[in-house]
Amino acid sequence: MLIQQGVQPGAPGVYVDIVPAPPEINGVPTNLLGIVGAASWGPTNTPNLIGSNQELVDTFGPVINQSHDLATACVIAMAQGANAIYGVRVTDGTDTKASVELMDTDATPAEGALLTALYSGTVGNTITAQISAGIQPNTFTLTITRPGVLTEVFANIGGTGSAFWQNLVNAVNNGQSLSRGPSQLVTASLPTTLSTYAPALSTYTLAGGTNGASSVTDTTVLGSDGPPRTGMYALRGTGVQVAMLADVTTESTFTTQISFGLQEGIYMIGVGAPGQTVATAISAKNTAGVGSHAFKLLMGDWIYWWDPTNNVQRLVSPQAFSAGLLVSLNPAQSSLNKQVFGVIATQTSANGYRYSYADLQQLTQNGIDLITNPIPAGNAFGVRIGVNTSFSAVNAFDNYTRMTNFLAATFNKATGIFDGQVQTPELWHEVETAFDDFLSNLESQNLIEDYLVTVNQTNNPQSQQALGFMNINVSVTYFGIAAMIVVSLNGGTSVVISQSTLGQAA
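Here is the structure:
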């Protein structure tokens with residue numbers, strides 16, 4: 001007989017006690033990036049996960065040459081190695097859905113049904129619908145196409161008069177079978193006056209879709225905490241480790257981004273207005289009152305980038321270059337001295353200016369990062385400093401934010417399995433073992449230098465247990481970043497080198 005662990009048998013016999021496996025802690029993903037911006041397709045204020053350029057086009061439409069463009073930021077981030085992006089589309093509220101009327105064969109053709117794009121945006125204007133004769137007698141086939149993305153075939157729709165149009169609407173909205181589900185491109189509806197005529201065999205193109213992006217502002221992208229949640233706040237609970245609000249430069253939003261980043265454990269990537277100098281960047285940061293490990297501020301030295309979709313050179317924010325790079329690195333790494341890809345020039349380099357040591361020192365001391373050429377590794381565009389805006393020098397590098405958020409998110413998710421259990425020395429040992437195994441694994445991979453886990457009577461006195469508290473004290477030593485490398489050179493004709501005789505023949 002099978003029994004659960006701890007259950008005492010009450011009669012003679014053989015009992016198999018199933019002992020559960022010891023709990024293990026798995027780290028949360030560190031490659032999740034969140035980007036908020038405008039787009040030409042897709043749901044609004046709803047996070048959608050994309051992992052490739054094709055998924056980006058499918059979900060949010062192509063790159064648009066416009067401010068706050070979500071697709072632009074995604075393409076740039078993916079070029080740096082990002083492969084899991086939660087995109088959130090915002091609009092200014094004027095966006096409309098494309099639509100088209102399917103006509104009947106009356107002498108004066110009338111509307112039989114209306115097809116409306118599933119989402120607002122100009123992508124809807126590329127969708128076509130074709131009504132053709134079905135394979136089976138007295139039926140028709142509706143083919144809906146979004147060029148280069150998806151073709152949907154609703155075959156052999158039957159019925160005469162108004163019944164046909166009702167059947168067509170049902171097929172589009174509800175699907176015809178498990179293999180031919182509802183349309184992912186359009187919805188269908190009937191007019192007030194139902195048609196009693198057969199459909200015209202014709203091809204239609206939807207029209208009237210608009211993006212609602214022309215009046216999107218920094219405030220729109222920032223959004224509100226709802227309900228419903230919009231903009232940045234739609235990223236709550238997604239688990240993203242790094243996030244950016246596309247092209248948002250308004251300094252008054254920075255502290256709000258910091259607050260959100262601290263609540264969610266997200267490294268927010270901000271940027272100054274294009275054309276900043278070192279002095280104006282420092283002044284803007286000081287005016288904004290920014291200082292937190294949860295926020296990286298990139299100097300407003302924007303980047304010239306070739307837009308392959310629209311065949312034009314554009315000036316774009318450096319945010320996506322930095323954010324995409326960060327999520328491609330493990331959390332022990334800094335973006336300092338790492339190359340970024342796709343940069344033609346920065347505003348500064350295009351003007352022939354090269355940052356001096358004094359410039360870089362001022363930016364470092366004020367917690368402002370930038371992308372420039374060269375970097376210490378050589379003549380390439382890359383992240384030059386690798387810092388956040390924290391006032392604490394020991395917390396100022398990227399790795400502090402990334403590793404702290406990674407560990408905090410992992411422990412927050414993993415310790416739930418212990419909640420509600422009886423607090424015994426055995427439970428403490430189980431908890432300590434789980435934490436120790438996880439941190440030991442990180443240590444063996446050179447992601448952390450050392451650690452200590454304490455969960456016993458010393459930090460869980462009876463007075464705390466009586467109130468329902470169980471304290472797990474975790475101390476972790478991170479590896480430092482080799483940011484300032486000092487070479488001590490002692491040279492000259494008078495310098496004497498003492499060489500070891502170890503290994504020489506006797």
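Per UniProt numbering: the sequence shown = residues 1 to 506. By construction, the Cβ of each residue, glycine as well, lies at the ideal position given by its N, Cα and C atoms.
Residue 246 and residue 73 - do their beta-carbons sit closer together than 8 angstroms? Locating residue 73 in the sequence shown gives position 73, counting from the first residue. Locating residue 246 in the sequence shown gives position 246, counting from the first residue. A contact, by the Cβ cut-off of 8 angstroms.
If contact is defined by three or more beta carbon pairs under 8 angstroms, each pair taking one atom from either stretch, is the region 89 to 98 in contact with the region 207 to 218? When Cβ pairs closer than 8 angstroms are counted between the two stretches, the region 207 to 218 is seen to touch the region 89 to 98, the count reaching three or more.
Does the contact criterion of 3 or more C-beta pairs under 8 angstroms hold for the region 371 to 391 versus the region 334 to 350? Flag = yes, the region 371 to 391 and the region 334 to 350 touch.
When you compare the CB positions of residue 255 and residue 289, do they come within less than 8 angstroms of one another, or not? Here residue 255 refers to the residue found at position 255 when the sequence shown is read from its first residue. Here residue 289 refers to the residue found at position 289 when the sequence shown is read from its first residue. At a Cβ-Cβ threshold of 8 angstroms, residue 255 and residue 289 count as neighbours.
Does the beta-carbon of residue 15 have 16 or more other beta-carbons within 10 angstroms, so that it is buried, or is it exposed? By 1-based counting over the sequence shown, the position of residue 15 is 15. Residue 15 is exposed by the Cβ-count criterion.
So for residue 78, helix, strand or coil by DSSP? What you label residue 78 is simply residue 78 of the sequence shown in a count that begins at 1. Reduced to three states, the DSSP call for residue 78 is helix.
State yes or no: is the C-beta of residue 272 within less than 8 angstroms of the C-beta of residue 298? Residue numbering aside, residue 272 sits at position 272 when the sequence shown is read from its first letter. Residue numbering aside, residue 298 sits at position 298 when the sequence shown is read from its first letter. Closer than 8 angstroms, so yes.
For residue 24, is the classification buried or exposed, using 16 other Cβ atoms within 10 angstroms of its Cβ as the cut-off for buried? Here residue 24 is taken as the residue at index 24 of the sequence shown, counted from 1. Result: exposed.
Apply the 10 Å Cβ neighbour rule to residue 89 and answer buried if 16 or more other Cβ atoms are within range, or exposed otherwise. Position 89 of the sequence shown, counted from the first residue, corresponds to residue 89. Looking at its Cβ environment, which holds 16 or more other Cβ atoms inside 10 Å, residue 89 is buried.
Comparing C-alpha positions only, which one of 280, 240 and 285 sits nearest to residue 266? For the purposes of this step, residue 266 is taken as the residue at position 266 of the sequence shown. Comparing Cα-Cα distances from residue 266 to each of 280, 240 and 285, the minimum goes to 240.
Per-residue DSSP class, three states only, for residue 355: In the sequence shown, counting from the first residue as 1, residue 355 sits at position 355. For residue 355, the three-state secondary structure derived from DSSP is coil.
Judging by CA-CA distance, which residue of 128, 399, 484 and 149 is the nearest neighbour of residue 202? Here residue 202 refers to the residue found at position 202 of the sequence shown. Cα-wise, what sits closest to residue 202 is 128.
By DSSP, does residue 378 sit in helix, in strand, or in coil? Residue mapping note: residue 378 aligns to position 378 of the sequence shown, counting from 1. Three-state DSSP puts residue 378 in a strand.
Unbroken stretches of the alpha helix (DSSP H), 4 residues or longer, contained in the region 248 to 305: With a minimum length of 4 residues, the continuous alpha helix (DSSP H) runs that stay inside the region 248 to 305 are 254 to 264 and 278 to 288.
Within 8 angstroms, strictly: CB atoms of residue 50 and residue 76: Stepping through the sequence shown from its first residue, residue 50 is reached at position 50. Stepping through the sequence shown from its first residue, residue 76 is reached at position 76. Going by C-beta atoms, residue 50 is not nearer than 8 angstroms to residue 76.
Could you give the distance in angstroms between the alpha-carbon of residue 429 and the alpha-carbon of residue 464? For the purposes of this step, residue 429 is identified with residue 429 of the sequence shown, where counting begins at 1. For the purposes of this step, residue 464 is identified with residue 464 of the sequence shown, where counting begins at 1. Cα to Cα, the separation comes out at about 18 angstroms.
Kindly examine the ligand GDP and report whether one of its heavy atoms sits closer than 7 angstroms to the Cβ of residue 443. With respect to small molecules bound, the structure shown includes none, and the ligand GDP cannot be examined in it.
Which residues in the same chain as residue 473 place their Cβ atom closer than 6 angstroms to its Cβ, once the five residues preceding and following it in sequence are excluded? The residue labelled residue 473 in the question sits at position 473 within the sequence shown. Excluding its 5 nearest sequence neighbours in each direction, residue 473 has C-beta neighbours in its own chain below 6 angstroms: 454 and 459, listed in chain order.
Beta carbon of residue 325 nearer than 8 angstroms to that of residue 335: What you label residue 325 is simply residue 325 of the sequence shown in a count that begins at 1. What you label residue 335 is simply residue 335 of the sequence shown in a count that begins at 1. The beta carbons of residue 325 and residue 335 sit closer together than 8 angstroms.
In terms of residues, what are the limits of the beta strand (DSSP E) holding residue 154? Position 154 of the sequence shown, counting from 1, holds the residue named residue 154. Where residue 154 is concerned, the enclosing beta strand (DSSP E) stretches over 150 to 157.
Beta-carbon separation (whole angstroms), residue 269 vs residue 294, contact threshold 8 angstroms: Walking along the sequence shown from the start, residue 269 turns up at place 269. Walking along the sequence shown from the start, residue 294 turns up at place 294. Contact between residue 269 and residue 294 does not hold, since the beta-carbon distance rounds to 11 angstroms and is not under 8 angstroms.
Between the Cα of residue 280 and the Cα atoms of 261, 296, 291 and 301, which residue gives the shortest distance? The sequence position of residue 280 within the sequence shown is 280, counting from 1. Ranked by Cα distance from residue 280, the options 261, 296, 291 and 301 are led by 301.
Would the region 155 to 163 count as touching the region 132 to 144 if we require 3 or more Cβ pairs under 8 angstroms? The answer is yes - the region 132 to 144 touches the region 155 to 163, with three or more Cβ pairs under 8 angstroms.
Which class does residue 314 belong to by DSSP, given the choice of helix, strand or coil? Looking up residue 314 in the sequence shown gives position 314. Three-state result, residue 314: strand.
Quick check: what's the CA-CA separation for residue 497 versus residue 489? Reading the sequence shown from its first residue, position 497 is the one you call residue 497. Reading the sequence shown from its first residue, position 489 is the one you call residue 489. Each residue's CA atom was taken as its position, placing residue 497 and residue 489 some 13 angstroms apart.
Which one or two residues does DSSP pair with residue 371 in a beta bridge? Position 371 of the sequence shown, counted from the start, is the residue given in the question as residue 371. Partner(s): 383.
Under 8 angstroms between the Cβ atoms of residue 360 and residue 384? The sequence position of residue 360 within the sequence shown is 360, counting from 1. The sequence position of residue 384 within the sequence shown is 384, counting from 1. Result yes, Cβ atoms of residue 360 and residue 384 sit closer than 8 angstroms.
Check whether the Cβ atoms of residue 195 and residue 111 lie closer than 8 angstroms to each other. In the sequence shown, the residue the question calls residue 195 occupies position 195. In the sequence shown, the residue the question calls residue 111 occupies position 111. Yes, these two residues count as a Cβ contact at 8 angstroms.
Cα separation between residue 493 and residue 363? Numbered from 1 along the sequence shown, position 493 holds the residue referred to as residue 493. Numbered from 1 along the sequence shown, position 363 holds the residue referred to as residue 363. Rounded to the nearest angstrom, the two C-alpha atoms are 40 angstroms apart.
Between residue 353 and residue 368, what straight-line distance do the alpha-carbon atoms span, to the nearest angstrom? Mapped onto the sequence shown, residue 353 falls at position 353. Mapped onto the sequence shown, residue 368 falls at position 368. When rounded, the distance between both Cα atoms is 18 angstroms.
Residues sharing a beta bridge with residue 103, DSSP: For this step, residue 103 is matched to residue 103 along the sequence shown. Under DSSP, residue 103 takes part in a beta bridge, and its partners are 111.
For a test of the three-state rule: what should DSSP assign to residue 507, helix, strand or coil? Nothing in the structure corresponds to residue 507, since the chain is present only between 1 and 506.
Could you check which residue in 120, 481, 214 and 68 has the C-alpha nearest to that of residue 187? Residue mapping note: residue 187 aligns to position 187 of the sequence shown, counting from 1. With respect to the C-alpha of residue 187, the residue from 120, 481, 214 and 68 having the closest C-alpha is 120.
Cutoff 7 angstroms; reference residue 401; Cβ partners in own chain excluding five residues on either side: Against the sequence shown, residue 401 aligns to sequence position 401. Around residue 401: 267, 293, 294 and 388.
Considering only residues of the same chain and omitting the five flanking positions on each side of residue 125, which have a CB-CB separation below 7 angstroms? The count along the sequence shown starts at 1 and reaches residue 125 at position 125. Same-chain partners within the cutoff: 98, 206, 207 and 209.
Taking its Cβ as the centre, do 16 or more other Cβ atoms sit within 10 Å of residue 487, making it buried, or is it exposed? The residue given as residue 487 occupies position 487 in the sequence shown. Within a 10 Å sphere around the beta-carbon of residue 487 sit fewer than 16 other beta-carbons, which makes this residue exposed.
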